[in-house]
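Under our numbering, residue 330 is the last one in the sequence shown; the count climbs by one each step, no gaps. Every residue, glycine too, gets a C-beta built ideally from N, C-alpha and C. Given the structure is predicted, the values throughout are model-derived calculations rather than measurements. Some notes on the structure that comes next.
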Amino acid sequence: MKVSVVIPARNEEHSIAALIEGLLGQTRPPEEVVVCDNGSTDATAAVVESYVGRGAQVRLVRSGPGLPGRGRNLAAAQAAHDWLAFIDAGIRPAPDWLAELVSRAESSPEVEVVYGAWEPVTDSFFKECAAIAYVPPPAEFEGTRMRPRSIASSLMRREVWLRAGGFPEHLRSAEDLLFMNEVERAGARTAYAPRAVVRWDIQPNLWRTFRRFVAYSRHNIRAGLWRDWQAAILRRYALLAAAALPAFAFGARWVVAGLWLLMLAARGAAALRRQRRAFPAGVGRNLLRLCVLVPLIAALDAAALAGSVSWLLLDKLNLARRGAAEVAR
């Protein structure tokens, strides 16, 4: 069983070396690591080329500016082997990550896809609260606890990638969800490897979280997945607006602000309860967490709404393209 690890990368000069080192140092190293550089404007390609020049089992595929789906497709198409392991730049694999994926695949010859596990890196109090706010909690699975599947911790036969039609190339995010749904619809025989762990570094502050989720929101709608995210937020704010109408009628706007803060605090408390096994803590720490969760959840809601407006203007109404066309005239 020979494995090619596939990595899409763009402007990852500060993280790509650590990822390659982590892959080459696996207890069961891959036969090759294929990195597709999606038009980086930094030294990402040079860092990868330094490994190629040293004779490491690393290959560089160059592309013009592109999104993650295109990078994965180009790297997968250039890969030399029939098994493809997918991981992303900025993610840290455990030393036995690939060994666990391969072991699960080899234990059942009929298996075509293996999903490993993933964990958020919570090395600051803000990241801990962010993980509580938006990272799915682990669920019981085959006698252990595991978060939902992720393409960034997976192994599959090349033929499955082909059957699913590859990754959508027009999306900044959610392309992995669409692809995994297609893999499922294609009837690929799937297994799970809970001990094949990668660690995902989440955004370190409120502003960067907001910016990232604005992009997620827009592309989530472009992917047709708005019912999985934005729909619930719109329902909450519609109910809040209905409850606030009497207050507006009598000029008591402070009541509206109070209802909004109460809603955010209730959602923060619900998140703490939902994540109590993944992030256990005492009453004092949970109160401090709640103080961060309230503005964090508000920022996530604002990002979801801003991304929705961005989709409406840039994609649905095509205002950017129309403006460019007017300038061209």
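{"Asked": "Considering only their Cβ atoms, is the gap separating F87 from I152 smaller than 7 Å?", "Found": "yes"}
{"Asked": "If I follow the unbroken alpha helix (DSSP H) through E129, where does it start and stop?", "Found": "126-135"}
{"Asked": "On the DSSP bridge assignment, give the partners of R191 in chain order.", "Found": "This sequence places Thr at residue 191; Arg is not what is there. In the DSSP output, where bridge partners are listed per residue, T191 has V114."}
{"Asked": "So V48 and I92 are supposed to be a Cβ contact under 8 Å. How far apart are they, rounded?", "Found": "The pair is not a contact, with the Cβ atoms about 16 Å apart (cut-off 8 Å)."}
{"Asked": "Which first and last residues belong to the alpha helix (DSSP H) in which E185 is found?", "Found": "176-186"}
{"Asked": "Assuming F127 and P195 form a contact by the criterion Cβ under 8 Å, report the distance between their Cβ atoms to the nearest whole angstrom.", "Found": "Going by Cβ atoms, the distance from F127 to P195 rounds to 28 Å, so no, they are not a contact pair."}
{"Asked": "For V345 and S125, what's the separation of their Cα atoms in angstroms?", "Found": "In this structure the chain extends from 2 to 330, so residue 345 is not present and cannot be described."}
{"Asked": "Between Y52 and the rest of its own chain, which residues show a CB-CB distance below 7 Å, the 5 nearest in sequence each way excluded?", "Found": "I21, V59"}
{"Asked": "Along the chain, where does the alpha helix (DSSP H) that runs through R71 open and close?", "Found": "69-79"}
{"Asked": "Would you call G45 buried or exposed, if buried means 16 or more other Cβ atoms sit within 10 Å of its Cβ?", "Found": "For clarity, residue 45 is Thr in the given sequence; the question names Gly instead. When all chains shown are included, T45 counts as buried."}
{"Asked": "State the DSSP-derived secondary structure class of W227, mapped to helix, strand or coil.", "Found": "helix"}
{"Asked": "When you compare only the Cα positions, how much space is there between R275 and M181?", "Found": "25 Å"}
{"Asked": "Bridge partners for D202 per DSSP, in chain order?", "Found": "V122"}
{"Asked": "Where does E160 land, buried or exposed, given buried means 16+ other C-beta within 10 angstroms?", "Found": "exposed"}
{"Asked": "Report buried or exposed for V6, applying the criterion of at least 16 other Cβ atoms within 10 angstroms of its Cβ.", "Found": "buried"}
{"Asked": "Quick check: the Cα distance between M147 and V114, rounded to an integer number of angstroms?", "Found": "17 Å"}
{"Asked": "For F87, does the three-state DSSP call read helix, strand or coil?", "Found": "strand"}
{"Asked": "Less than 6 Å between C-beta atoms, sequence neighbours within five positions excluded: which residues of the same chain meet that for P138?", "Found": "R275, Q276, A279"}
{"Asked": "Just checking, does the stretch 198-212 make contact with the stretch 103-111 on the three C-beta pairs under 8 Å criterion?", "Found": "no"}
{"Asked": "Measuring straight from C-alpha to C-alpha, what distance separates G67 and E176?", "Found": "13 Å"}
{"Asked": "Measuring only the C-alpha atoms, how far is A267 from V295?", "Found": "9 Å"}
{"Asked": "For C130, which option in N206, W162, V257, R29 has the closest C-alpha, if you only look at C-alpha atoms?", "Found": "N206"}
{"Asked": "Under the three-state reduction of DSSP, which class applies to R146: helix, strand or coil?", "Found": "strand"}
{"Asked": "Identify, in the order they occur along the chain, each residue of the same chain with its Cβ nearer than 6 Å to the Cβ of A307, setting aside the five sequence neighbours on each side.", "Found": "V215"}
{"Asked": "Among A299, R164, G269, whose alpha-carbon lies nearest the alpha-carbon of A258?", "Found": "A299"}
{"Asked": "Could you check whether G117 and A197 sit closer than 7 Å to each other, using their CB atoms as the reference points?", "Found": "yes"}
{"Asked": "Considering only the beta carbon of each residue, do A304 and S218 sit closer than 7 Å?", "Found": "yes"}
{"Asked": "Report the rounded CA-to-CA distance for E32 versus A272, giving the unit in angstroms.", "Found": "42 Å"}
{"Asked": "Tell me the DSSP bridge mates of M157?", "Found": "L85, V114"}
{"Asked": "If I follow the unbroken alpha helix (DSSP H) through E22, where does it start and stop?", "Found": "17-25"}
{"Asked": "Who are the Cβ neighbours of A78 in its own chain at under 7 Å, not counting the five residues just before and after it?", "Found": "none"}
{"Asked": "Can you name, in chain order, every residue of its own chain whose Cβ lies under 7 Å from the Cβ of A57, other than the five neighbours on each side?", "Found": "L25"}
{"Asked": "Considering only DSSP beta bridges, list what L163 is partnered with.", "Found": "DSSP output for L163 lists no bridge partner at all."}
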